[in-house]
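Numbering (this note's numbering), first residue to last: 18 to 807.
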């Protein structure tokens, strides 16, 4: 059947080329419809419980999408000077002019309350009003308040006075790249203008809005720099090893066309490109290059030593199509199964990536067995001289057979060791640490953590039982919330707790002549309601208490910021808090959420679903292998070289890094496709030698090494170098994926060249007397050995 197809394709080259190009053009026409999304919320599906809880809190209170400006003096280490406070005041005022701004908080506009001359008089005013007229005594008072007020200390203000910040929150309608770019662009103008006018200060922007902006920045940087460099390295290595300029050129064309067509289909489907799907070109390149190299290498081997005539060339192409149709089909099918298994993933961008690469797999399969042989037949490709590597690989295969027992024993020991190391890998997904120190966002966020407060937080919306009005500010509810706040502050992991209870304590003290003995919660519900009403009436526009209380005052928000905790400890802390409420106040309705916890939970779900999807993929791939190879024995054998590289690489990762993030949901599936590709080509060539050439196991393995050995080495070397280039990315998801993929592909090559032939010979040998046949394209050398090969 494959031979019939080969004859048909090469006979109807014009028709096949025209139909194929029309289909590609139709798919590519969707490219203008592509859109890019840098909204971090796209990582969470609409049914994600953490996202639903987060949206619930955002709807009830002031939005939490923010931009934080860190302000530090360039000289000295004290922000409590007239120059620095003047900059903070100006920055606070100008932040209100930013697009979509709905609140701005800083030490200068902090609504400081204190007792008036009359005992029942409450004065609420900005802590700093007109910084240009500040005297030494006033600055000292500002310092005293800022460094003692719980709502500021270790939240907006550094405890040692070395840094302060301005928190601006926004209501972005669509979280689109255009909105975020507009906002960040306007913020950078403000920062540049202020720093030019006041060189005595440094301003650093961080926050969730800056996080989204940096996602896009990281993706664009990798697409512009590392992806082309990866392509360059891979194609150079292919050109050097195959010694075929036209073959390399065609491989590049197939890669480009496959990417264009696949992304075009995504455009028609109106699916956005994200930081995750932006790595698809690298994955698609890995799949396509494997197909092309195996096909071209087989063609060159069949053609070498024959005449230059077109008939000989077409004969070699026909044989290459015949020998590679089934292996390429099997690898395409198994790779497709692997990437479609990513639909089990809870993270929408990873499902998109699986579907995008799945589309590309189908396109690559079609092009590899249509346009590639057609163009090879048309273009002036040159014959390659007989290469010594075929003889060398045959001898290498014999050497492996002779040392099969040590090879299998060493492999077994390494697998046992790796299995023991795998549990030491821990889940961790910190959105700040996704970027390395090359990104200003990472450096500035680390500075904020070191000097002011924690980046990672959880927000709790707490609703007291009952249907009474203003129940969130009832003495009972405030007391329960305050117990919770004090418990949080006693935890060693806590950096800061932001709560309305601190405001009520301050108001109670104010209404008692600023007597510190009255810094406690009011016990009279009417008095608490009056305090709040009086305070709210004194607040300026945009600085109401809706960031801490719902509009109808039936729930209150408490925000807790933590030290730099790994994901596993954040999950434990969340459970610890839930257990506290269950024990202390089980009748309270408490909802906890934040971007921190959204990412923390999603990485666990991503990895868990990856395990399920991978197991299903392995099962389906095994069935495909058994059916396609028509051998239960070979199908079972194929499992080991497909599983072992992943096991060994996970064990190696425990020694190299030890932290697993969302990128591993891609790595396993990606490398599985490449590993299966190599295994299928080795087994199919071995089966061809056994059944079609009627060779014994030893001779068949030597023939297989001579035929496919160089192709395996070329694709693996090219992909290892390419993925290593990707590991240089400053974006952890890409760099981790690149390094892990490079390690896995390298290990897979060793397994296919050492363990797989050892297993095949051990299981497939039928006699104790074997005829060792070393085949080359110039002739056959036979050596008879009596007895079992040792």
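Cβ atoms here follow ideal geometry from the backbone N, Cα and C, with glycine treated the same way.
Asked                                                                                                                                                                : Found
Using the Cα positions of residue 259 and residue 734, report the straight-line distance between them to the nearest angstrom.                                       : 12 Å
When the Cα atoms are used, what is the spatial distance from residue 690 to residue 680?                                                                            : 16 Å
Taking just the CA atoms, how far does residue 302 sit from residue 347?                                                                                             : 18 Å
Which residue wins for smallest C-alpha separation from residue 669, given the options 327, 433, 452, 588?                                                           : 433
Which residues mark the beginning and the end of the beta strand (DSSP E) in which residue 606 is found?                                                             : 606 to 610
Classify residue 711 as buried or exposed, calling it buried when 16 or more other Cβ atoms lie within 10 Å of its own Cβ.                                           : exposed
Going by the beta-carbon positions, is the gap between residue 483 and residue 281 smaller than 7 Å?                                                                 : no
How is residue 785 classed by DSSP in three states: helix, strand or coil?                                                                                           : Residue placement at residue 785 cannot be trusted, given a pLDDT of 35 that sits under 50; the coordinates are not used to answer.
Specify the secondary structure class of residue 473 as computed by DSSP and reduced to three states.                                                                : coil
Comparing alpha-carbon positions, which option in 243, 196, 382 lies nearest residue 37?                                                                             : 382
Using a Cβ distance threshold of 8 Å, determine whether the segment 406 to 421 contacts the segment 552 to 559, with at least three qualifying pairs required.       : no
What's the call for residue 287, buried or exposed, on a 16-neighbour Cβ count within 10 Å?                                                                          : exposed
Just curious, the beta strand (DSSP E) that residue 48 is in, first and last residue?                                                                                : Unbroken run through residue 48: none, as it is neither H nor E.
List, from N- to C-terminal side, the beta strand (DSSP E) runs of 3 residues or more that fit wholly inside the segment 504 to 541.                                 : 511 to 515
Just how far apart, CA to CA, sit residue 99 and residue 249?                                                                                                        : 55 Å
How do the segment 761 to 781 and the segment 716 to 734 stand: do at least 3 beta-carbon pairs fall below 8 Å, yes or no?                                           : yes
Looking only at its chain, what residues have a beta carbon closer than 6 Å to the beta carbon of residue 81, apart from the 5 residues adjacent to it on each side? : none
With DSSP run on the structure shown, which of helix, strand or coil describes residue 119?                                                                          : strand
For residue 49, is the beta carbon positioned less than 6 Å from some heavy atom of the ligand GTP?                                                                  : Ligands are entirely absent from the displayed structure, and the ligand GTP is therefore not among its contents.
Per the contact definition of three or more C-beta pairs closer than 8 Å, is the segment 99 to 117 in contact with the segment 192 to 208?                           : yes
What is the rounded straight-line gap between the Cα of residue 152 and the Cα of residue 524?                                                                       : 27 Å
In the DSSP assignment, what residue or residues form a beta bridge with residue 128?                                                                                : 143
Apart from the five residues on each side of it in sequence, which residues of its chain come closer than 8 Å, Cβ to Cβ, to residue 13?                              : Not covered by the structure: residue 13. The range shown for the chain is 18 to 807.
Exposed or buried, what is residue 426 when buried is set at 16 or more other beta-carbons lying within 10 Å of its beta-carbon?                                     : exposed
Determine which residues share a DSSP beta bridge with residue 566 and list them.                                                                                    : 573
Which residues in the same chain have their Cβ closer than 7 Å to the Cβ of residue 751, if we skip the five residues on either side of it in sequence?              : 239, 296, 743
Among 686, 197, 124, 756, which residue has its Cα nearest to the Cα of residue 375?                                                                                 : 686
Pair every Cβ in the segment 459 to 473 with every Cβ in the segment 172 to 185, then say whether three or more of these pairs are closer than 8 Å.                  : yes
Which residue or residues does DSSP assign as beta-bridge partners of residue 349?                                                                                   : Per DSSP, none; premise fails for residue 349.
What's the gap between the Cα of residue 646 and the Cα of residue 704?                                                                                              : 8 Å
Where residue 510 and residue 451 are concerned, what is the direct C-alpha to C-alpha distance, given to the nearest angstrom?                                      : 22 Å
Can you tell me which residues form a DSSP beta bridge with residue 601?                                                                                             : Answer is none; residue 601 lacks a bridge partner.
Inspect the beta-carbon positions of residue 724 and residue 702 and report whether they are closer than 7 Å.                                                        : yes
Could you check whether residue 224 and residue 8 sit closer than 7 Å to each other, using their CB atoms as the reference points?                                   : Residue numbering for the chain in the displayed model covers 18 to 807; residue 8 lies beyond these limits and cannot be assessed.
Quick one: what's got a C-beta closer than 7 Å to residue 131's C-beta in the same chain, skipping five residues either side?                                        : 140, 527, 531
Give the straight-line distance between the Cα atoms of residue 58 and residue 70, rounded to the nearest whole angstrom.                                            : 13 Å
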